[in-house]
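What follows is a short report on a single structure.
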Amino acid sequence: MSVGTNFNPRRFHKSQLKFYLFLGPFAVFMALPIVYIFSTAFKPIDELFAFPPRFFVRRPTIENFRDIFSFVEYGLPVARYFMNSVIVTLFVVGLSVLLSTMAGYVLSKKTFKGQKFIFEVNKIALMFVAVAVTIPRFLVISNIGIIDTMAAHVLPMIAIPVGLFLVKQFIDQVPDELIDAAKVDGAGDVYILSKIVFPLVRPAVATIAILSFQATWNNTVTSTIYVNDELKQTFAFYMSTLTNISNSVAAAGLGAAATLIMFVPNLVIFMFLQSKVMNTMAHSGLK
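Letter 253 of the sequence shown, counting from 1, is numbered 252 in numbering that gives the first Met the number 0, and no numbers are missing.
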């Protein structure tokens, strides 16, 4: 038996040493911006003005984080911003997962006129970045009358072409015989989708949830263009205003703290679901 067949990827092997030596410095270099944000977020004001500048904080403090929420005293609804973001994110993630899974199942396992055309249109939509469709999106939102409503946060975000693409790629690999056997036993489409298909496409669902969460949690465009009511704006919009004033040295700590608050939830979710994301990339052929 060859050595390759006995190789366990979860255990260290001496043949991996060259990869660690080569990729290790790159990993450290890529982590430096994150370390710098962590360090700056906890720096007191005197260390921000220190010369020469210090990369690492010496006397950490949470003063910058206190300052972010101290604006409540001036009538700024910070808690309302945060709850708006939580509610919007939960709705968008839930609806994105549900609609992408349902649409992927229909496009993969059903036959109807225009089926291929719809999927081709979805693939074309993958080529457009959000900025390119800002004006058409504004016209649609304005025409259906949801300007300055919470629906303006939710409806534009639940359409994720990459989510439909990933789910369909996974469902294509589900054997038709498995679905046919369930139908013979009297199972309907709802049962097949929820009890048979959905458990098999969990890696794709996890990836959609991560992508949807990141896009919604960090979204500032909606509060900037579509929602002018202060009570309906999001926490990301508030954090972005603090980040934008961090060009001055005195506000650098405040901007770093705001960036850290927005970054940590994304990092935590990805760390918990990264294995499923990697499985999705492998099955869909994406890099």
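Every residue, glycine too, gets a C-beta built ideally from N, C-alpha and C. In this text, all values refer to a predicted model and were calculated from it rather than measured experimentally.
Query raised in the report: Which of the three DSSP states, helix, strand or coil, is assigned to E176?
Result: Sequence index remark: in the sequence shown, residue 176 carries index 177 (1-based). The answer is helix: DSSP assigns E176 an H, G or I state.
Query raised in the report: How do the stretch 85–98 and the stretch 130–140 stand: do at least 3 beta-carbon pairs fall below 8 Å, yes or no?
Result: no
Query - Residue burial classification, R58 (beta-carbon count within 10 angstroms, cutoff 16) - result: Here residue 58 refers to the residue found at position 59 of the sequence shown. The residue is exposed, with fewer than 16 neighbouring Cβ atoms inside 10 Å.
**Report entry** Contacts around F157, its chain only, beta-carbon distance under 7 Å, and the 5 residues preceding and following it disregarded
**Finding:** One-based indexing of the sequence shown puts residue 157 at position 158. The sequence shown places Ile at residue 157, rather than the Phe named in the question. The answer, listed in chain order, is V91, L94, S95, L98.
Query raised in the report: With a CB to CB cut of under 7 Å and the five nearest residues on each side skipped, what residues in its chain are close to I209?
Result: Position 210 of the sequence shown holds residue 209. So the list reads I268, F269, L272, V276, once near-sequence residues are dropped.
Query raised in the report: CB-CB under 7 Å to I140, same chain, minus the five flanking residues each way: which ones, in chain order?
Result: Here residue 140 corresponds to residue number 141 of the sequence shown, with the count starting at 1. Excluding sequence neighbours, I140 sits near I146, A151, P155, Y225.
Requested in this report: With DSSP as the reference, label V263 as helix, strand or coil.
Outcome: Indexing the sequence shown from 1 puts residue 263 at position 264. V263: helix per DSSP, three-state reduction.
Requested in this report: Could you tell me the distance, in whole angstroms, from the CA atom of M101 to the CA atom of T110?
Outcome: Numbered from its first residue, the sequence shown carries residue 101 at position 102. Numbered from its first residue, the sequence shown carries residue 110 at position 111. Cα to Cα, M101 sits roughly 14 Å from T110.
**Report entry** Candidates L177, P51, S84, F37: closest to I61 by CA position
**Finding:** Locating residue 61 in the sequence shown gives position 62, where the first residue counts as 1. It is F37 whose Cα lies nearest to the Cα of I61.
Query raised in the report: Per DSSP, what kind of secondary structure is K108 in: helix, strand or coil?
Result: One-based indexing of the sequence shown puts residue 108 at position 109. DSSP places K108 in helix when its eight states are reduced to three.
Query - Span of the alpha helix (DSSP H) around F304 - result: Because the chain is modelled from 0 through 286, residue 304 falls outside the range shown and cannot be assessed.
Query raised in the report: Just the Cα atoms here: how many angstroms apart are A255 and K194?
Result: One-based indexing of the sequence shown puts residue 255 at position 256. One-based indexing of the sequence shown puts residue 194 at position 195. Cα to Cα, the separation comes out at about 45 Å.
Query - Contact between the stretch 196–214 and the stretch 228–238 (3+ Cβ pairs under 8 Å) - result: no
Requested in this report: Give me the Cα-Cα distance between K286 and V263, rounded to the nearest whole angstrom.
Outcome: For the purposes of this step, residue 286 is identified with residue 287 of the sequence shown, where counting begins at 1. For the purposes of this step, residue 263 is identified with residue 264 of the sequence shown, where counting begins at 1. Residue confidence is low: K286 scores 43 on pLDDT, short of 50, so the model does not pin down where it sits. Its coordinate-derived value is still stated next. Going from the Cα of K286 to the Cα of V263 covers about 24 Å.
Report task. Please name the residue, chosen from R65, L259, V204, A251, that lies closest to E46 on a Cα-to-Cα basis. Result -> By one-based count along the sequence shown, residue 46 stands at place 47. Nearest option by C-alpha distance: A251.
**Report entry** Outcome for Y19 when other beta-carbon atoms lying within 10 angstroms are tallied against a minimum of 16
**Finding:** Position 20 of the sequence shown, counted from the first residue, corresponds to residue 19. Looking at its Cβ environment, which holds fewer than 16 other Cβ atoms inside 10 Å, Y19 is exposed.
Query raised in the report: Is it true that the CB of I178 sits closer than 8 Å to the CB of I159?
Result: As a first step, residue 159 is located in the sequence shown; it is residue number 160 there, counting from the start. As a first step, residue 178 is located in the sequence shown; it is residue number 179 there, counting from the start. Taking 8 Å as the Cβ cut-off, I159 and I178 do not qualify as a contacting pair.
Report task. Put R79 into one of helix, strand or coil per three-state DSSP. Result -> For this step, residue 79 is matched to residue 80 along the sequence shown. Of the three classes helix, strand and coil, the one that applies to R79 here is helix, per DSSP.
**Report entry** Exposure label - P202; buried when at least 16 CB within 10 Å
**Finding:** For the purposes of this step, residue 202 is taken as the residue at position 203 of the sequence shown. By the neighbour-count rule (16 or more Cβ atoms within 10 Å), P202 is buried.
Query - Close-in-space but distant-in-sequence residues of the same chain around S239 (CB under 6 Å, 5 per side omitted) - result: Your numbering for residue 239 matches position 240 in the sequence shown. Same-chain partners within the cutoff: T219.
Requested in this report: Answer yes if the stretch 169–184 comes into contact with the stretch 111–127, meaning at least three C-beta pairs across the two stretches below 8 Å, and no otherwise.
Outcome: no
Query raised in the report: How about N217 and M261: are their beta carbons less than 8 Å apart?
Result: Start at 1 with the first residue of the sequence shown, and residue 217 comes out as number 218. Start at 1 with the first residue of the sequence shown, and residue 261 comes out as number 262. Yes, the Cβ-Cβ distance between N217 and M261 is below 8 Å.
Report task. Starting from R136, follow the alpha helix (DSSP H) in both directions and report where the run begins and ends. Result -> The residue given as residue 136 occupies position 137 in the sequence shown. Looking at the DSSP string, the run of the alpha helix (DSSP H) that includes R136 is 133–142.
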